[in-house]
Each structure stands twice: as structure tokens, then as C-alpha cells.
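Novice: Got a structure here, written out as C-alpha cells. Questions coming.
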């Protein structure tokens with residue numbers, strides 16, 4: 007057996023010796039080293055690109071972050087939080103470009119609005135800004151790939167030649183990937199986006215984006231003359247001898263439903279300065295989605311330089327409410343009562359958070375209606391338990407107002423995107439205590455209980471933001487609405503000015519002054535003067551005529 011096994015042992019030994027010689031051969035050894043160097047260089051390059059290949063750029067008023075990632079399909083992804091993302095078949099190759107749109111830069115946005123001529127050039131600059139950003143990112147990617155490969159090879163091999171070879175490998179791979187992407191770029195891919203996100207958002211992101219952009223461009227061109235007309239109309243109307251606010255009059259500006267419209271802040275500032283406003287009241291829906299990306303929108307509140315009193319709307323999340331509360335001049339009311347400029351004001355936030363619903367959002371079921379009513383009742387209880395005479399109650403949804411009837415003289419609301427004024431139905435009269443009727447002299451408490459409740463006026467503001475971007479989708483844009491309320495030394499509402507700016511893309515401005523007349527039965531509103539202007543900047547002061555006073559119940 008040993009004699010038969012001997013040849014096999016010799017063959018095995020010979021094969022092993024040959025394998026060892028091949029393994030130790032210079033060419034094979036160099037191949038192993040080259041493969042190791044290439045693997046280290048490529049792995050380090052990929053890790054370096056994934057961790058550090060990103061840059062921030064300004065695209066118009068947006069702050070955007072661009073990054074590159076290794077892939078096998080190429081393409082571009084544009085993240086639009088919180089709506090979703092757009093995917094473009096922009097190029098082929100091993101690199102995937104991702105663009106994440108961040109928050110609006112408030113100062114850059116206001117510069118565009120204050121200079122309407124800059125809007126048209128902003129679109130041209132945006133292309134150059136994106137091109138410069140991609141070029142900068144490509145160079146950064148090549149540099150990071152080479153640097154990462156050199157550092158990794160130096161730590162592993164501790165050999166200058168191998169380290170240089172790893173860097174060269176990374177340079178060829180990175181530059182080659184960018185070259186393939188540049189050679190296969192498809193400029194027309196922007197017109198064929200694939201949307202991923204909430205289904206309800208798809209038409210707004212893909213289908214209506216061009217219409218919204220076009221309409222907003224027209225609007226921005228008219229914004230300056232709109233604001234100018236507001237100032238000229240105020241000057242003319244104030245000269246009419248119909249209602250002259252006394253020196254001790256408190257002026258409150260009521261705004262609502264800004265819905266992220268950046269132009270709202272410029273308009274509000276103009277009215278605050280022109281009308282000498284003491285405080286601003288905002289009845290909610292400051293943003294659209296309640297996302298953290300929208301919190302920067304509230305940063306313009308301090309620029310108004312007057313107290314800003316706010317209640318949360320159904321499009322505003324708790325995060326938005328918290329962001330508002332951090333502004334130095336902001337006051338958030340959520341089942342609270344404050345004293346401001348002599349007026350006692352109570353307010354409560356909307357109990358619903360429904361950012362996915364449209365501008366005509368209403369409670370879709372009984373549970374929603376019950377939530378709204380319960381919130382109104384909660385605020386009414388808070389007011390009664392405080393023992394204070396509250397002058398104004400703030401809610402977002404008018405459905406929350408009915409429980410406040412007879413509790414406060416004035417309720418301010420928004421939500422409907424349409425201005426209206428009405429008297430709330432009086433609450434049911436309490437049933438008199440029959441046992442107490444035998445008493446010849448009712449107690450003061452019993453007399454107060456049987457006394458008719460105070461009439462309550464509900465004033466619903468339109469959208470100060472023109473319903474945001476949604477206001478641009480229709481042929482007739484949603485007008486921008488806000489109101490100035492005048493209170494006398496007794497904290498009674500004496501008059502209010504309704505200001506309405508023609509919707510986005512229009513420069514028409516209307517202002518109606520209404521004087522509130524009180525008698526023993528029912529408050530009435532007398533329209534006393536109105537003004538309309540669509541004149542461009544620099545034209546003569548628009549004409550204003552005082553209407554014949556006609557008493558009529560408010561609507």
C-alpha cells in the first residue's frame with residue numbers, strides 16, 4: 007500500500023510546490039498587490055463620497071443641499087419636503103444627484119418681493135446657480151475620492167508607490183463617472199418628472215407647478231403698486247369727515263390664513279405703519295403643512311415691531327405654534343386670557359390638525375364638529391371662570407364660535423378664506439327658578455342670571471395670504487384680505503376698515519370703512535366710505551367718495 011501511495015504523494019507534493027511557486031511569482035504577487043490597492047482605493051473613495059460629497063447653494067430664495075451618491079442607474083432626485091420628491095432621468099452612469107430643497111431664506115425672499123424686476127432675472131440666475139453648484143460638487147467629489155483613497159492606502163500599505171496608485175485609481179474612477187454623467191445628460195428630463203409622495207399633492211407638484219410659477223411672477227410685478235395704493239387710499243379715506251378715531255383709540259389689525267405667502271409680511275408691515283396699528287391678531291393657518299421646514303416662515307413676526315397675538319389653525323402644527331411663541335413680540339393664546347393695549351383678549355387653538363385638506367376644509371364627520379364645539383365651550387368656561395370682562399375672543403374655525411355667544415361681545419375667526427360679519431344666535435334664555443319667584447325682591451345674582459346675554463358679533467376674516475399657492479390655481483385668484491378694528495376707551499368696537507387686494511396677479515385695492523352703531527336691541531353696521539384703486543405707482547391719488555349712510559344689519 008505504501009508503494010502504491012508513494013506516487014500520489016510525490017504528485018501532490020509537486021502540485022503544491024508548483025502552486026507555491028506560482029503564488030510567490032513576481033507577476034502574480036504584483037497582481038495581488040494591484041488588486042488590493044484598487045479595492046482599497048475604490049472602497050475608500052466610495053465611503054468618502056457618501057459621507058462628504060455634498061454642498062449647499064442658493065437657488066433663488068431657496069437654500070438647497072446637493073449631494074452625489076454611487077449608484078448603478080444615475081438620475082436626479084429632488085426632495086420637496088413635506089410634499090414628496092421628483093425623480094428625473096437626467097443622466098446615466100454610476101453617480102446619482104440628489105437635491106434637497108430647504109427652507110426659504112426670508113431676507114432673499116423679501117428682496118425679490120421688494121424689487122419686482124428681480125423676479126424675472128431670478129429665473130435666469132437660478133440656472134446659473136444650479137450649474138455652478140453641480141460643477142462645484144463634481145470638483146469636490148473628485149477631490150474627496152482621491153483624498154479618501156490616499157489616506158486609506160497610507161494607513162494600510164505604508165508605501166508611497168501603493169498610496170499614489172490608490173489615489174490614481176480613485177481619480178480615474180471619480181473623473182470617469184462624472185464624465186459619463188456629463189456625456190449622457192438629458193436636458194429635457196425636467197419636463198418628464200416622476201413624482202413620489204402623498205397622492206393628493208401630485209397635481210400641485212407636477213401638474214400645476216408651471217401655472218403657479220407664471221401667476222406668481224405676474225403677482226410679484228404688481229406687488230409694489232398694490233402696497234403703494236394701500237397707503238394712498240388710507241390717506242384719502244382718513245380725510246373723510248365720517249369717522250375720525252380719537253386720540254385714545256386702539257387700532258388692531260386682524261389677519262388670518264397667511265398660508266406661507268411671503269408677500270403677506272410686506273403687506274402687513276405696510277398696514278401696521280400706515281394705520282398706526284397697536285397690535286396684530288392672527289387667527290391661524292399661518293402655514294400649509296405644519297412641517298418643521300415651514301417654521302422659518304414665522305421669523306418675520308419681529309419685523310412688525312408690534313405685539314403679534316396668535317391662535318393655531320388646522321393647518322398649523324404644535325411645532326409651528328412653538329416657533330411662533332419663540333418670537334420676541336409674539337403671544338400665543340391656547341385657552342388663555344391676556345391684557346393687551348387695554349383690551350382683554352382670550353383665545354384657543356384649533357383642536358384639529360388637518361394639513362392634507364383643502365382651503366374649504368370643514369369637519370368631515372360628527373366627531374370633527376364635536377371637537378370644534380367642545381373647544382369653543384372650553385374657552386367660554388375659561389372666560390366665565392376668570393371673572394373678567396373679555397373684550398375679544400379668538401378662534402380659527404367659525405364653528406368654534408357659537409358657545410361664545412353671550413360671553414363676549416366680539417369673536418374673531420378665519421378659516422373660510424372669505425370675509426363675513428354676522429351676529430351669533432343668542433343662547434337659550436335660562437329657565438327662571440319658580441321657587442325664587444315667590445320672593446318679593448330677587449337677589450342681585452338672580453337678576454343677573456335672568457338678564458339677557460350680550461349680543462356677540464362674529465367677524466370672519468378672508469385670507470391675508472390669498473390662500474397661499476392654492477389661490478393661484480384658479481382663473482380668478484383669491485384676494486388678499488385684512489381688517490383694521492377701532493376700539494374706543496371703553497373697549498367697544500366703533501368702526502373697522504375692510505381692506506382687500508385683488509388676488510395674485512392683480513393690483514386692484516379696495517377699502518371699505520364701516521361704523522358700528524349700537525342701540526338697545528341689535529348692533530348695526532353703517533357702510534360709510536369706500537375706496538378703490540388700480541392705478542400704477544406714481545399716478546394721481548385715487549378718488550374716494552363717501553357713501554350715503556344706510557343702516558343695515560351686519561352680514
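Numbering (this note's numbering), first residue to last: 7 to 561. Idealized CB from N, CA, C, for every residue including glycine.
If we count Cβ pairs, one from each stretch, closer than 8 Å, do we get three or more for the region 459-470 versus the region 312-325?
Specialist: Output reads no: the region 312-325 does not touch the region 459-470.
Novice: Cα-Cα, which of 428, 171, 101, 393 is closest to residue 147?
Specialist: Per the Cα distances, 101.
Novice: By the 10 Å Cβ neighbour count, where 16 or more other Cβ atoms means buried, how is residue 161 classified, buried or exposed?
Specialist: So residue 161 counts as exposed.
Novice: For the structure I just gave you, are there three or more beta carbon pairs, one from the region 155-173 and one from the region 45-53, closer than 8 Å?
Specialist: With a cut-off of 8 Å, the region 45-53 and the region 155-173 count as touching, because enough Cβ pairs lie within range.
Novice: Ignore the nearest five residues each way along the sequence and tell me which others in residue 296's own chain have a CB closer than 7 Å to its CB.
Specialist: Answer for residue 296: 321, 322, 323, 325, 326, 359, 361, listed in chain order.
Novice: Just confirm the distance between the C-beta atoms of residue 92 and residue 259, as a whole number of angstroms; I'd bet it's less than 8 Å.
Specialist: The Cβ separation is near 38 Å, so there is no contact.
Novice: Taking its Cβ as the centre, do 16 or more other Cβ atoms sit within 10 Å of residue 288, making it buried, or is it exposed?
Specialist: By the neighbour-count rule (16 or more Cβ atoms within 10 Å), residue 288 is buried.
Novice: Taking only three categories from DSSP, how would you classify residue 463?
Specialist: Residue 463: strand per DSSP, three-state reduction.
Novice: Could you give the first and the last residue of the continuous alpha helix (DSSP H) run that contains residue 276?
Specialist: Looking at the DSSP string, the run of the alpha helix (DSSP H) that includes residue 276 is 269-280.
Novice: Once you ignore the five residues that flank residue 256 on each side, which residues in its own chain have a CB closer than 7 Å to its CB?
Specialist: So the qualifying residues of the chain are 284, 347, 348, 349, 493.
Novice: For residue 381, which residues of its own chain have a beta-carbon under 6 Å away from its beta-carbon, when the five flanking residues on both sides are left out?
Specialist: The residues are 354, 357, 406.
Novice: Check each candidate in 79, 426, 300 and name the one with the smallest Cα separation from residue 502.
Specialist: Measuring from the Cα of residue 502, the nearest candidate turns out to be 426.
Novice: For residue 98, I'd like the list of residues in its chain whose CB is within less than 6 Å of its CB, leaving aside the five on either flank, ordered along the chain.
Specialist: Within the same chain, residue 98 has close Cβ partners 80, 190.
Novice: Would you kindly work out how many angstroms separate the C-alpha atoms of residue 351 and residue 82, rounded to a whole number?
Specialist: One C-alpha to the other measures close to 51 Å.
Novice: In three-state DSSP terms, what is residue 168?
Specialist: It is helical.
Novice: Taking residue 328 as part of the alpha helix (DSSP H), name the residues at either end of that continuous run.
Specialist: Note, residue 328: alpha helix (DSSP H), 324-331.
Novice: So for residue 76, helix, strand or coil by DSSP?
Specialist: If DSSP states are grouped into helix, strand and coil, residue 76 belongs with the strands.
Novice: Should residue 168 and residue 39 be called a contact, given that it needs their Cβ atoms to be closer than 8 Å?
Specialist: Yes; because the gap between Cβ atoms is below 8 Å, this pair is in contact.
Novice: Quick one: grab the DSSP three-state call for residue 134.
Specialist: Helix at residue 134.
Novice: Return the Cβ separation of residue 84 and residue 55 in integer angstroms, given the expectation that the two are a contact with Cβ distance under 8 Å.
Specialist: Actually they are not in contact, since the Cβ atoms of residue 84 and residue 55 sit about 20 Å apart, beyond 8 Å.
Novice: For the candidate residues 253, 318, 414, whose alpha-carbon lies nearest to that of residue 429?
Specialist: For residue 429, the nearest C-alpha among the options comes from 414.
Novice: Once you ignore the five residues that flank residue 329 on each side, which residues in its own chain have a CB closer than 6 Å to its CB?
Specialist: Once the five neighbours on either side are set aside, the close Cβ partners of residue 329 are 301, 304.
Novice: What is the rounded straight-line gap between the Cα of residue 423 and the Cα of residue 277?
Specialist: C-alpha separation (whole angstroms): 19 Å.
Novice: With a 10 Å radius around its C-beta and 16 neighbouring C-beta atoms as the bar for buried, classify residue 472 as buried or exposed.
Specialist: Label assigned to residue 472: buried.
Novice: Given this structure, state the Cα-to-Cα distance separating residue 490 from residue 418, to the nearest angstrom.
Specialist: The straight-line gap from Cα to Cα measures roughly 12 Å.
Novice: Between the C-alpha atoms of residue 184 and residue 157, what's the straight-line distance to the nearest angstrom?
Specialist: Taking the straight line joining both Cα atoms gives about 22 Å.
Novice: For residue 411, tell me which candidate among 434, 57, 43, 499 has the shortest Cα-Cα distance.
Specialist: Of the listed residues, the one whose Cα sits closest to residue 411 is 434.
Novice: Could you work out which residue in 280, 94, 145, 339 is closest to residue 58 when comparing CA atoms only?
Specialist: Residue 145 is the option with its Cα nearest to residue 58.
Novice: Taking 7 Å as the limit between beta carbons, can you name the residues of its chain near residue 370, skipping five residues before and five after?
Specialist: Low confidence applies here, because residue 370 scores a pLDDT of 45, under 50, leaving its location unreliable and the question unanswered by this model.
Novice: Cα-Cα, which of 308, 466, 498, 470 is closest to residue 267?
Specialist: Residue 267 has its Cα closest to that of 470, out of 308, 466, 498, 470.
Novice: Alpha carbon to alpha carbon, how far is residue 262 from residue 376? Give it in angstroms, no decimals.
Specialist: Rounded to whole angstroms, residue 376 to residue 262 spans 23 Å at the Cα level.
Novice: Whose C-alpha, out of 416, 286, 408, 280, is nearest the C-alpha of residue 432?
Specialist: Minimum Cα distance to residue 432 is reached at 408.
Novice: So is residue 496 buried or exposed if we call it buried at 16+ other beta carbons inside 10 Å?
Specialist: The residue is exposed, with fewer than 16 neighbouring Cβ atoms inside 10 Å.
Novice: Classify residue 58 as helix, strand or coil using the three-state DSSP reduction.
Specialist: DSSP places residue 58 in helix when its eight states are reduced to three.
Novice: Consult DSSP for residue 185 and reduce its assignment to one of helix, strand or coil.
Specialist: Residue 185 falls in the helix class under three-state DSSP.
Novice: Counting only the same chain and skipping the five closest in sequence on each side, list residues whose C-beta sits under 8 Å from that of residue 307.
Specialist: 314, 330, 333, 335, 336, listed in sequence order.
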